[in-house]
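Data first, discussion second: the structure below is written as structure tokens.
Residue numbers (the working numbering): 55 to 202.
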């Protein structure tokens with residue numbers, strides 16, 4: 055009986071560790087994405103306004119050029135690093151893990167049995183393997199074949 059409780063405790067720790075990881079990564083990527091989008095919007099909105107001062111303020115043209123350059127870099131960061139996609143993917147995994155945690159805590163099917171810790175680890179591994187497989191196929195699709 056003690057072994058079952060220890061297995062259940064280990065399974066809960068495994069679930070919680072993965073849930074914390076995916077939740078934190080989701081929050082981080084959401085912050086990165088929203089920060090870059092807000093910066094893009096603000097700078098884009100300020101460019102037309104700043105051009106009104108080009109005749110009276112000689113540095114305005116340099117400020118406009120700088121804002122345009124920053125917008126380009128911000129857009130490149132979002133496109134290259136895919137913060138929005140990462141935010142959504144990490145959030146989906148975190149929500150799937152939360153759902154399993156709720157089922158597990160409330161001893162709902164499939165966790166209404168003696169070996170519920172083993173089942174939990176198996177389902178968590180299945181969720182993580184699916185996410186890993188999706189990541190792998192995304193990475194492989196980005197590799198450009200040699201043109202020889």
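Note that the Cβ used here is the ideal one computed from N, Cα and C, for glycine as well.
Being a predicted model, the structure only gives us computed values, none of them experimental.
Within the chosen definition, does the segment 135-150 reach the segment 75-92 through at least 3 CB pairs nearer than 8 angstroms?
Cβ pair count under 8 angstroms is three or more, so yes.
Below 8 angstroms, how does it come out for the segment 126-136 and the segment 64-81: are there three or more Cβ pairs, yes or no?
In this structure the segment 126-136 does not lie against the segment 64-81, because fewer than three pairs of beta carbons, one per stretch, are closer than 8 angstroms.
Helix, strand or coil: how does DSSP classify residue 113 here?
In this structure, residue 113 counts as coil in the three-state DSSP scheme.
Identify which residue in 183, 118 and 193 has its Cα closest to the Cα of residue 136.
Comparing Cα-Cα distances from residue 136 to each of 183, 118 and 193, the minimum goes to 193.
Using three-state DSSP, classify residue 107 as helix, strand or coil.
Secondary structure at residue 107: coil, using DSSP grouped into helix, strand and coil.
Cα-Cα separation, residue 87 to residue 72:
Taking the straight line from one Cα to the other gives about 22 angstroms.
Rounded to a whole number of angstroms, what is the C-alpha to C-alpha distance between residue 234 and residue 160?
Outside the displayed span of the chain (55 to 202) sits residue 234, for which this structure offers no information.
In chain order, what residues of the same chain have a beta carbon less than 7 angstroms from the beta carbon of residue 108, not counting five sequence neighbours either side?
Contacts found: 114 and 115.
For the alpha helix (DSSP H) that residue 197 lies in, which residues bound it at each end?
Per DSSP, residue 197 belongs to no alpha helix (DSSP H) and is neither H nor E.
Take the Cβ of residue 171 as the centre, count every other Cβ of all protein chains shown within 10 Å, and call the residue buried at 16 or more, exposed below.
So residue 171 ends up on the buried side.
Neighbour-count burial assignment, residue 148, 16 or more Cβ in a 10 Å radius
Counting Cβ neighbours within 10 Å, residue 148 comes out buried, since at least 16 surround it.
Runs of alpha helix (DSSP H) lying entirely within the segment 110-164, each at least 4 residues, in chain order
If only uninterrupted alpha helix (DSSP H) runs of at least 4 residues are considered, those enclosed by the segment 110-164 are 114-135 and 137-159.
Excluding the 5 residues preceding and the 5 following residue 118 in the sequence, name in chain order all residues of the same chain whose CB lies nearer than 8 angstroms to its CB.
Once the five neighbours on either side are set aside, the close Cβ partners of residue 118 are 101, 104, 105 and 108.
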